[in-house]
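S.K.: In order, the protein sequence lines correspond to chains A and B. When the letters of the first sequence are read in order and numbered with the working numbering, they come out as residues 1 to 275. When the letters of the second sequence are read in order and numbered with the working numbering, they come out as residues 276 to 677. We put the CB at the ideal spot given by N, CA and C, even for glycine. Here it is, the structure, as structure tokens.
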Amino acid sequence: MSIDNNNCSDEANDRKHKKDVGRRQFLDWCFKAVPAGITLFTFGLSSKRSSGEDTKTSNNGKAPNSEVSYAMAVDIKKCIGCGRCAAACKKENKVPDSPYYVRTWVERYVIPKKGEPMIDSPNAGIDGFPDQPENGDVLKTFFVPKLCNHCDNPPCVQVCPVGATFKSPDGVVLVDDSYCVGCRYCIQACPYGARYIHPEKRVADKCTFCYHRISKGLAPACVEVCPTQARVFGDLKKLSSPIHRILQFNAIKTLKPELNTRPKVFYANADQEVR
Amino acid sequence: MEHAIQQTADALGSFAGYIYPNEYFLQWELLIVLYPYLTGLVAGAFILASLERVFRVKALMPVYRLALLTALAFLIVAPLPLLVHLGHPERSFEMFLTPHLTSAMAMFGFVYAWYLLVVLLLEIWFDYRRDIVIFSQEKKGFLKYFYKLITLGATDLSEKAVKFDDKAGKLITFIGIPSAFLLHGYVGFIFGSIKANPWWSSVLMPVVFLFSAIVSGMAAVLLVYMVTSWFRWKQINMACLNKLSEFLLYAMILDIALEILDFIHRLYESEESIHILSRLVTDRLFISLVISQLLIGSIIPMFAIAMARFGTLPDEMRRVFYFISAILIQVGIFSMRWNVVVGGQMFSKSFHGLTTYKVHLLGLEGLLMTMCLLVMPLIILFVLAKLLPPWLEPDTAKANET
């Protein structure tokens with residue numbers, strides 16, 4: 001009887017021991033699984049955001065094509081400063097009317113024989129430019145259309161704290177306005193002044209190369225309306241694209257190359273004053 | 276918005292040269308000036324507390340707990356200016372859920388949470404646990420339950436347990452010092468890493484921010500200590516005040532040396548941006564940089580503190596010198612934050628023009644809101660000091676030491 005009793009108590013102890021081990025194992029598992037789960041959840045989502053897989057772009061449901069690399073070239077010699085590009089952009093993309101919110105604008109440079117260059121862009125160049133006094137002191141004058149440079153190494157994408165701004169596989173820098181928190185860090189990080197905070201949406205806004213148009217095979221609005229073909233849009237990966245011709249036959253510069261942003265807006269025949 | 280546009284249009288006469296169209300509005304305004312100022316106070320106050328705890332500067336004992344509570348009060352308010360400033364504050368939690376890992380700003384939540392939860396709250400809890408348990412037994416009514424709740428069930432007051440508290444507190448302070456460096460160095464990095472902005476982009480920025488943080492935190496604790504002593508009709512401990520001012524002076528010397536180094540470095544390298552930055556300093560920032568930050572906020576208080584600390588002035592006079600210097604230092608550090616944040620946006624990235632900024636009185640980013648956010652930590656500190664009295668009178672201090 002006593003032996004039986006002993007056996008019973010041994011079994012009970014054994015069960016208890018097993019139960020203890022089970023609890024310990026469970027806690028151990030929790031300690032490992034919870035941080036791992038949080039890490040996976042956080043990093044998984046963030047990488048998903050930053051690569052732009054989960055973003056609403058106006059791509060008509062088509063998957064962005066990594067075989068394409070969109071770019072623009074601007075021939076300074078051809079620009080007449082009519083401002084139609086800036087006006088078309090405002091209309092096409094419903095950019096606020098105010099002169100202080102622009103996706104693209106035209107600058108006029110007046111380089112005097114002596115002294116500092118004079119630069120202006122009244123209302124982004126949409127209404128044209130006031131006459132300059134002709135006193136013979138002007139060395140040269142030219143117009144420079146500006147827009148987001150859709151950098152290959154974009155500082156705005158780097159600094160966005162939630163990954164709302166991202167580079168699409170076809171090389172266009174976009175903003176997910178349903179996700180942007182409006183911290184404005186991207187605006188500070190952009191060396192080209194290409195971004196602004198949309199006054200109604202309270203999110204960062206900028207040129208998209210008219211993504212809703214180019215994904216249908218159309219040209220961006222600014223390119224479409226340019227009467228002198230100063231703006232040329234194309235695919236860097238396609239040798240037959242018209243952009244290659246302008247890149248091949250002109251002296252090309254990009255803006256602020258020392259910052260290593262690797263812009264995809266190329267300027268032909270631009271003066272050194274252009275920044 | 277129309278009103279803002281009109282105001283900007285009115286101010287157009289103040290713009291000089293050419294600025295990009297999107298640069299007419301400053302993106303980061305007064306609230307973002309306030310944010311590094313507040314976090315600086317937190318980091319500085321904590322580092323002051325650690326001087327007593329880790330480096331055993333016993334003369335600073337009377338301000339040890341006060342410094343911890345000051346750090347906590349300012350830390351609670353520190354994220355508010357950021358939150359108010361966001362275009363979509365309701366989405367701010369996304370920074371925790373889906374942080375973009377290459378963004379310095381995305382790390383804010385983690386740095387903040389680490390500092391608040393792991394460093395400051397734990398340190399204060401371990402430091403006060405003995406008092407909290409005693410309060411939970413002595414107090415009556417709601418307070419009794421409040422203290423009971425914050426004992427977190429750890430009511431053991433045995434010698435072994437109290438010793439453990441002390442050890443744990445020390446360990447956390449050890450972790451806390453690099454964390455405080457991280458917190459404010461990180462704020463400096465947010466600005467210093469922006470290569471598009473030559474006024475910000477400097478490897479020295481996090482270090483300059485850090486030392487200015489130490490200066491502002493120490494001066495703030497000095498002010499809080501003096502004011503609270505007056506209101507409590509208690510004698511100010513001169514040994515503590517002298518020591519505190521001495522450390523403050525050393526920190527100021529380091530801070531100003533770093534800033535001068537940064538200045539000389541920029542001038543000597545003379546990069547493309549030097550012309551516009553020179554115009555920025557002489558034109559837009561002359562009063563806030565040369566007069567307010569350098570002269571009123573650095574040179575005068577440095578001389579005053581040096582004179583009071585190492586001269587042969589009577590104690591009464593010393594206190595006046597220390598007090599006025601600490602106020603001037605706050606003015607100087609706030610000016611420094613202003614010069615970095617606002618100054619960095621007052622020139623065009625085209626390097627061809629200067630813009631202007633006018634502080635608004637009302638609105639989410641106005642002067643009134645800023646004043647509210649500046650007063651709020653003081654109210655929180657008052658409540659904290661009522662709940663967790665930081666006054667270590669000589670007899671209590673002695674008892675704690677034994």
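Three Cβ pairs or more, each shorter than 8 angstroms: is that satisfied between the stretch 371-389 of chain B and the stretch 406-415 of chain B?
M.R.: Judged by Cβ distances under 8 angstroms, the stretch 371-389 of chain B makes no contact with the stretch 406-415 of chain B, as fewer than three pairs qualify.
S.K.: For the stretch 377-405 of chain B, which residues have a CB atom closer than 8 angstroms to at least one CB atom of chain A, in sequence order?
M.R.: Cβ contacts with chain A: Thr-377, Ser-378, Ala-379, Met-380, Ala-381 and Phe-383.
S.K.: Helix, strand or coil, according to DSSP, for Thr-345/B in the structure here?
M.R.: Residue state, collapsed to three classes: helix.
S.K.: Within 10 Å of its beta-carbon, does Tyr-100/A have 16 or more other beta-carbons around it, so buried, or fewer, so exposed?
M.R.: Per the 10 Å Cβ criterion, buried.
S.K.: At what residues does the alpha helix (DSSP H) containing Leu-524/B begin and finish?
M.R.: Segment 513-544, the alpha helix (DSSP H) holding Leu-524/B.
S.K.: At the level of alpha carbons, what is the spacing between Pro-473/B and Leu-259/A?
M.R.: So the alpha carbons of these two residues sit roughly 11 angstroms apart.
S.K.: Which of the three DSSP states, helix, strand or coil, is assigned to Asp-120/A?
M.R.: Looking at Asp-120/A - three-state DSSP - the assignment turns out to be strand.
S.K.: Does Val-265/A come out as helix, strand or coil in the three-state DSSP assignment?
M.R.: Three-state DSSP puts Val-265/A in a strand.
S.K.: Given a cut-off of 7 angstroms, decide if Tyr-420/B and Lys-414/B are closer than it, judged by their beta-carbon atoms.
M.R.: No; because the gap between Cβ atoms is not below 7 angstroms, this pair is not in contact.
S.K.: Quick one: give me the first and last residue of the alpha helix (DSSP H) that Arg-328/B is part of.
M.R.: First-last of the alpha helix (DSSP H) with Arg-328/B: 305-328.
S.K.: Please go through the stretch 61-130 of chain A and give each complete alpha helix (DSSP H) segment of 4 or more residues, from N-terminal end onward.
M.R.: DSSP runs (the alpha helix (DSSP H)) wholly in the stretch 61-130 of chain A: 84-93.
S.K.: Are the CB atoms of Ile-294/B and Gly-628/B within a distance shorter than 7 angstroms?
M.R.: For Gly-628/B and Ile-294/B, yes; Cβs fall inside 7 angstroms.
S.K.: Terminal residues of the continuous alpha helix (DSSP H) containing Leu-174/A?
M.R.: No alpha helix (DSSP H) contains Leu-174/A, which is instead part of the beta strand (DSSP E) from 173-175.
S.K.: Would you decide whether Lys-509/B is buried or exposed? Buried here means 16 or more other CB atoms lie within 10 Å of its CB.
M.R.: Exposed: under 16 other Cβ atoms inside 10 Å.
S.K.: Quick check on the burial criterion: 16 or more other C-beta atoms within 10 angstroms. Buried or exposed for Asn-297/B?
M.R.: Buried, because 16 or more other Cβ atoms sit within 10 Å of the Cβ of Asn-297/B.
S.K.: Run through chain A and tell me which residues come within less than 8 angstroms of Ser-625/B, C-beta to C-beta.
M.R.: Going along chain A in sequence order, the residues near Ser-625/B (Cβ under 8 angstroms) are Ile-119, Gly-193 and Arg-275.
S.K.: Contact criterion: CB-CB distance below 7 angstroms. Does Arg-84/A meet it with respect to chain B?
M.R.: So, not an interface residue.
S.K.: Is Ala-291/B helix, strand or coil by DSSP?
M.R.: In the structure shown, Ala-291/B sits in a strand (DSSP, three-state: E or B).
S.K.: What residues match up with Ala-204/A in a beta bridge as DSSP calls it?
M.R.: Beta-bridge pairing links Ala-204/A to Ile-197/A.
S.K.: For Val-259/A, which residues in chain B fall below 7 angstroms Cβ to Cβ?
M.R.: In the sequence on display, residue 259/A carries Leu and not Val. Going along chain B in sequence order, the residues near Leu-259/A (Cβ under 7 angstroms) are Lys-470 and Ala-471.
S.K.: Can you list the residues of chain B that Ala-124/A reaches, using a CB-CB cut of under 8 angstroms?
M.R.: Residues of chain B passing the Cβ test: Pro-296.
S.K.: Taking buried to mean at least 16 other C-beta atoms within 10 Å of its own C-beta, is Ala-495/B buried or exposed?
M.R.: Buried, since its Cβ has 16 or more Cβ neighbours within 10 Å.
S.K.: So what's Thr-448/B in DSSP terms, helix, strand or just coil?
M.R.: Residue state, collapsed to three classes: helix.
S.K.: Which of the three DSSP states is assigned to Thr-141/A in this structure?
M.R.: Residue state, collapsed to three classes: strand.
S.K.: Residues in its own chain within less than 7 angstroms of Ala-242/B by CB, not counting five upstream and five downstream?
M.R.: There is no way to answer for residue 242/B, as the model of chain B reaches only from 276 to 677.
S.K.: Are the beta-carbon atoms of Cys-148/A and Lys-206/A separated by less than 7 angstroms?
M.R.: Yes, they are a contact pair.
S.K.: On the three-pair Cβ rule with 8 angstroms, is the stretch 525-545 of chain B touching the stretch 479-496 of chain B?
M.R.: The stretch 525-545 of chain B, when compared against the stretch 479-496 of chain B, does touch it at the 8 angstroms Cβ threshold.
S.K.: Taking the straight line between their C-alpha atoms, what separation do you get for Met-527/B and Glu-273/A?
M.R.: Distance between the alpha carbons of Met-527/B and Glu-273/A is about 41 angstroms.
S.K.: State the DSSP-derived secondary structure class of Val-478/B, mapped to helix, strand or coil.
M.R.: In this structure, Val-478/B counts as coil in the three-state DSSP scheme.
S.K.: Can you find the residues in the same chain that come closer than 6 angstroms, C-beta to C-beta, to Glu-53/A, ignoring five residues on each side of it along the sequence?
M.R.: Only weak support exists for where Glu-53/A lies, its pLDDT of 38 falling under 50; the value from the coordinates is given anyway. Here the set comprises nothing.
S.K.: Have a look at the DSSP bridge pairing and note the partners of Ile-252/A.
M.R.: Answer by DSSP bridge pairing, in chain order: Ala-268/A.
S.K.: Buried or exposed: Thr-448/B, going by 16 or more other Cβ atoms within 10 Å of its Cβ?
M.R.: Under this definition Thr-448/B is a buried residue.
S.K.: Within 7 angstroms of any Cβ in chain B, is that where the Cβ of Tyr-360/A sits?
M.R.: Since the first residue of chain A shown is 1 and the last is 275, residue 360/A is not available in this structure.
S.K.: Can you check the stretch 214-252 of chain A for any alpha helix (DSSP H) of at least 4 residues that lies completely inside it and give the ranges in chain order?
M.R.: You should have 221-225 and 242-249.
S.K.: Pull up the distance between the alpha-carbon of Tyr-299/B and that of His-360/B, whole angstroms please.
M.R.: Taking the straight line from one Cα to the other gives about 18 angstroms.
S.K.: Measuring CA to CA, which of Lys-77/A, Lys-90/A and Tyr-185/A is closest to Arg-108/A?
M.R.: The option with the nearest alpha carbon to Arg-108/A is Lys-77/A.
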